[in-house]
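S.K.: Each residue of the sequence shown is one higher than the last, beginning at 1 in the working numbering. Where is the CB? At the ideal position from N, CA and C, for every residue including glycine.
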Amino acid sequence: MVDSVIEVMDRVSFTPFTIKISGVGAFPNLRRPSVIWAGITEGVEELKEIFRQIESGLIEIGFKPEPKGFSPHITLARVKRGFNRSAVASKILELSDFEFGEFQAENLRLKRSVLTPKGPIYSTIHEVKAR
């Protein structure tokens with residue numbers, strides 16, 4: 001299966017583009033934050049096009065379409081049970097306009113995540129460069 005995903009990735013075509021990261025929010029909402037995210041304010045259309053290409057290829061090899069759609073973001077944290085959710089929401093509101101910066105997107109990486117008691121360990125399985 002991983003080899004098929006790599007083949008899909010190898011067909012993705014994109015040129016380098018800028019991604020700007022700013023703002024902080026939560027899924028599903030501030031009243032019940034379970035995921036804290038940083039927003040993408042530049043490069044959104046390019047990311048959506050890359051997603052479209054990947055999803056189309058994955059559907060061809062038997063994956064189901066993403067039912068929730070695609071909302072480009074960076075996951076910063078997951079809120080576990082027992083946290084003071086109103087304090088978390090207050091901090092998110094405080095950072096809602098925070099500017100993290102920008103970078104040039106020049107590659108895609110397929111990552112492996114191995115969960116351990118000390119946290120996840122990530123490694124790169126495959127990389128595709130912009131062209």
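Going by other Cβ atoms of all chains shown within 10 Å of its Cβ, with 16 needed for buried, is Glu74 buried or exposed?
M.R.: The sequence as given places Ile at residue 74; Glu does not occur at that position. Burial call: exposed.
S.K.: With burial defined as no fewer than 16 other Cβ atoms inside 10 Å of the residue's Cβ, what is the status of Met9: buried or exposed?
M.R.: Flag for Met9 reads buried.
S.K.: Between which two residues does the alpha helix (DSSP H) containing Ala77 stretch?
M.R.: No alpha helix (DSSP H) contains Ala77, which is instead part of the beta strand (DSSP E) from His73 to Arg78.
S.K.: Enumerate, from N- to C-terminal direction, the unbroken alpha helix (DSSP H) stretches of 4 or more residues contained entirely within the stretch 72-117.
M.R.: The stretch 72-117 is shown to contain whole alpha helix (DSSP H) runs of 4 or more residues at 85-94, in chain order.
S.K.: When you compare each of Ala87, Ile19 and Ser113 to Phe100 by their alpha carbons, which one comes out closest?
M.R.: Ile19
S.K.: Quick check: what's the CA-CA separation for Trp37 versus Glu49?
M.R.: For Trp37 and Glu49, the distance between alpha carbons rounds to 21 Å.
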